[in-house]
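Asker:
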Amino acid sequence: MPLLRIENLHTYYGHVHALKGIDLEVEEGEIVTLIGANGAGKSTTLRTISGLVRPREGRIEFGGQVINHVPAHKIVQMGVCHVPEGRRIFTTLTVMENLMMGAYTLKDEKTIRENLQRVFDLFPRLAERKNQLGGTLSGGEQQMLTIGRALMSRPRLLLLDEPSLGLAPMLVKAIFETIREINARGTTILLVEQNARAALKIAHRAYVLETGRVVLSGPAQELMRDERVRKAYLGER
Ligand code: ATP
1 MPLLRIENLH TYYGHVHALK GIDLEVEEGE IVTLIGANGA GKSTTLRTIS
51 GLVRPREGRI EFGGQVINHV PAHKIVQMGV CHVPEGRRIF TTLTVMENLM
101 MGAYTLKDEK TIRENLQRVF DLFPRLAERK NQLGGTLSGG EQQMLTIGRA
151 LMSRPRLLLL DEPSLGLAPM LVKAIFETIR EINARGTTIL LVEQNARAAL
201 KIAHRAYVLE TGRVVLSGPA QELMRDERVR KAYLGER
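Here the sequence shown stands for residues 1 to 237, where the numbers follow my numbering.
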């Protein structure tokens with residue numbers, strides 16, 4: 001049984017039919033990436049999974065349970081954590097306080113301490129700066145903080161929306177390496193990216209979205225060799 005199974009998902013914003021029957025699966029332990037042009041429906045897919053918008057039709061199953069109608073905060077408690085596009089940290093709170101916000105679903109002190117240690121192992125920079133205000137961090141550090149905060153709840157499934165957006169090339173590389181590392185340590189990841197090349201490099205499988213539909217899917221390595229993908233998304237002629 002896949003960890004996440006989506007069938008025939010239709011999502012609307014008013015009259016805008018953003019998702020037109022998406023089918024998608026994520027197995028436990030995978031990195032799956034969604035690639036596609038602006039407006040293809042990538043972010044909407046993540047928002048629909050995490051319960052921020054509701055599908056009009058179709059079915060979302062997580063860990064064998066249908067979650068279409070489960071409130072967003074309950075979906076978080078079930079182990080789905082969504083890192084939306086843009087580095088939305090609390091600028092007037094410290095790094096530590098920001099991280100603790102991510103642990104709000106947890107009560108056990110020991111678990112919180114363990115999770116914090118895991119985040120600091122992954123991002124030593126955040127440990128060094130734990131008392132610094134979020135707003136004074138660099139762009140790359142803020143991105144680490146948003147991801148670190150999401151990991152504080154130890155999600156089973158991490159939904160990442162454009163984690164590399166707006167970062168300098170060196171930091172982009174570091175973020176993708178980190179995503180691979182998070183996955184290697186046991187978190188399943190659904191990754192939305194404009195940077196198709198980098199996403200396909202670290203992903204096990206990929207789905208290509210065009211105007212609300214899946215037009216191609218398969219092992220990431222295969223899609224990387226696919227002529228349509230190379231022309232449309234990897235900038236080749
Ligand atoms: P991008 O990378 O540009 O964010 P995307 O693939 O993530 O692209 P979505 O943001 O999911 O695309 O948008 C899918 C469609 O839904 C687009 O046509 C977009 O204009 C529309 N849309 C997205 N959000 C809203 C909204 N809040 N209200 C109305 N339409 C929306």
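In this text, a Cβ means the ideal position worked out from N, Cα and C, and glycines have one as well.
1. Taking 7 Å as the cut-off, is the beta-carbon of N38 closer than that to any non-hydrogen atom of ligand 1?
2. Exposed or buried, what is E28 when buried is set at 16 or more other beta-carbons lying within 10 Å of its beta-carbon?
3. Where do the N-terminal and C-terminal ends of the alpha helix (DSSP H) with H73 fall, by residue?
4. Output the distance between the C-alpha atoms of N279 and G212, rounded to the nearest integer angstrom.
5. Run the proximity test for G14: is its beta-carbon closer than 7 Å to any non-hydrogen atom belonging to ligand 2?
6. Between the alpha carbons of V66 and A168, how many angstroms are there, rounded?
7. Apart from the five residues on each side of it in sequence, which residues of its chain come closer than 7 Å, Cβ to Cβ, to T11?
8. How many Å lie between T91 and R5 at the Cα?
9. Exposed or buried, which one is D161 when buried takes at least 16 other CB atoms within 10 Å?
Answerer: Taking the definition as stated:
1. yes
2. exposed
3. A72 to M78
4. Summary: the structure shown does not reach residue 279, with the chain confined to residues 1 through 237, and so no result is reported for it.
5. Summarising the ligand content, the structure contains ligand 1 and does not contain ligand 2.
6. 39 Å
7. A18, L19, T44, T48, V53, P55 and R56
8. 36 Å
9. buried
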